[in-house]
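Undergrad: In this note's numbering, the protein residues as written are 67 to 288.
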Ligand code: GRF
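#1: Please name the residue, chosen from 119, 123, 147 and 109, that lies closest to residue 129 on a Cα-to-Cα basis.
#2: Buried or exposed: which applies to residue 268, given that a residue is buried once 16 or more other Cβ atoms fall within 10 Å of its Cβ?
#3: Just to confirm before moving on: does the CB-CB distance between residue 210 and residue 217 stay below 8 Å?
#4: Cα separation between residue 105 and residue 138?
#5: With 16 other CB atoms within 10 Å as the buried threshold, where does residue 220 fall?
#6: Under the rule that 16 or more other beta-carbon atoms within 10 Å means buried, what is residue 234, buried or exposed?
#7: If you follow the beta strand (DSSP E) that residue 209 is part of, which residue opens it and which one closes it?
#8: I'd like the list of long-range same chain contacts for residue 82, defined as Cβ closer than 6 Å, with 5 residues on each side in sequence excluded.
#9: Could you please give the first and the last residue of the uninterrupted beta strand (DSSP E) stretch that includes residue 108?
#10: Sorted by chain position, which residues of the same chain lie with C-beta nearer than 6 Å to residue 77's C-beta, five sequence neighbours on each side aside?
#11: If we require 3 or more residues per run, which beta strand (DSSP E) segments fall completely within the stretch 143 to 199?
#12: Could you give the distance in angstroms between the alpha-carbon of residue 107 and the alpha-carbon of residue 141?
#13: Report the option in 229, 189, 184 and 95 whose CA atom is closest to the CA atom of residue 208.
#14: Counting only the same chain and skipping the five closest in sequence on each side, list residues whose C-beta sits under 6 Å from that of residue 71.
#15: Over the uninterrupted alpha helix (DSSP H) stretch that includes residue 263, give me the two end residues.
#16: Spatial neighbours of residue 188 within its chain, please: CB distance less than 6 Å, with the 5 preceding and 5 following residues excluded, ordered by chain position.
#17: If you follow the alpha helix (DSSP H) that residue 249 is part of, which residue opens it and which one closes it?
#18: Between 174, 198 and 265, which lies nearest to residue 256 when the distance is taken from Cα to Cα?
#19: If I follow the unbroken alpha helix (DSSP H) through residue 89, where does it start and stop?
#20: According to DSSP, residue 126 sits in a beta bridge with which residue or residues?
#21: For residue 244 and residue 84, which I take to be in contact (beta-carbon distance under 8 Å), what is that distance rounded to the nearest angstrom?
#22: Tell me the residue span of the alpha helix (DSSP H) that contains residue 114.
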């Protein structure tokens, strides 16, 4: 299947390291996509600076202006449409997608979450992993549905949880894998290879040397 250049819109609330990983993957020629716009609900999000540095339009949409969540999401959807976005990529976007966004981009919103879903959805993810004594954690790229971190899973990466881990060290180990897995999942979408059947995502043509699902195992500690 031939890859096309997929127009992306990225929603981010913070530092934007996943955005940067996607921009870098595109710049390296390994991802046939283009970031058309970065939208943030936080005026001074570093993700907006990263976008501007890469020559990508950076738009702040104020979530507190009149009309509540529906009006806010309508404005976000309008910005994404104006920029010709086909796939919406949530990258550290700290809001739950509501019905306006879901309706504007049905089956076309991805999210990355720093755990092996369905374990540990929501907030304080690393704390949940540590408190529950998980031996492995990781990250998950999934389609977004109306729930919190509940949509069909596209790709995951596994990392070990070490006895000495703190929330920060575990988050950092997971983040390195996020930067590999998110571009991979977007590539599968761009190549038109993802099929959602119920809660499962099937990958049409396996990537060379893999079964189509990104399980990235770093070396285990000895
Ligand atoms: C990542 O850990 C992501 O999984 C979570 O929020 C964090 C965003 O990091 N949803 P960044 O803004 O991409 O650096």
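Each residue gets a CB set at the ideal place from its N, CA and C atoms; glycine is no exception.
TA: Straight from the coordinates:
#1: Nearest C-alpha to residue 129: 109.
#2: By the Cβ neighbour-count rule, residue 268 is exposed, with fewer than 16 other Cβ atoms within 10 Å of its own.
#3: Result yes, Cβ atoms of residue 210 and residue 217 sit closer than 8 Å.
#4: C-alpha separation (whole angstroms): 12 Å.
#5: Residue 220 comes out buried.
#6: Classification of residue 234: exposed, given that the 10 Å Cβ count is below 16.
#7: Membership of residue 209 in the beta strand (DSSP E) is indicated by the continuous run 202 to 209.
#8: Excluding sequence positions up to five before and after residue 82, its CB lies within less than 6 Å of the CB of 112, 113 and 116, all in the same chain and listed in chain order.
#9: Element bounds for residue 108: n/a, residue is neither H nor E.
#10: Cβ neighbours of residue 77 beyond the five flanking positions: 105, 156 and 159.
#11: Unbroken beta strand (DSSP E) stretches of 3 residues or longer found wholly inside the stretch 143 to 199: 153 to 156 and 175 to 179, given in chain order.
#12: When rounded, the distance between both Cα atoms is 11 Å.
#13: It is 184 whose Cα lies nearest to the Cα of residue 208.
#14: These residues qualify, in order along the chain: 98 and 100.
#15: In this chain, residue 263 is not harboured by any alpha helix (DSSP H); it is covered by the beta strand (DSSP E) spanning 260 to 263.
#16: Result list for residue 188: 214, in chain order.
#17: The continuous alpha helix (DSSP H) containing residue 249 extends over residues 233 to 256.
#18: Residue 256 has its Cα closest to that of 174, out of 174, 198 and 265.
#19: Annotation: the continuous alpha helix (DSSP H) that includes residue 89 extends over 83 to 93.
#20: Answer is 106.
#21: Rounded, the Cβ-Cβ distance is 6 Å, consistent with contact.
#22: Run containing residue 114: 112 to 119, per the alpha helix (DSSP H) assignment.
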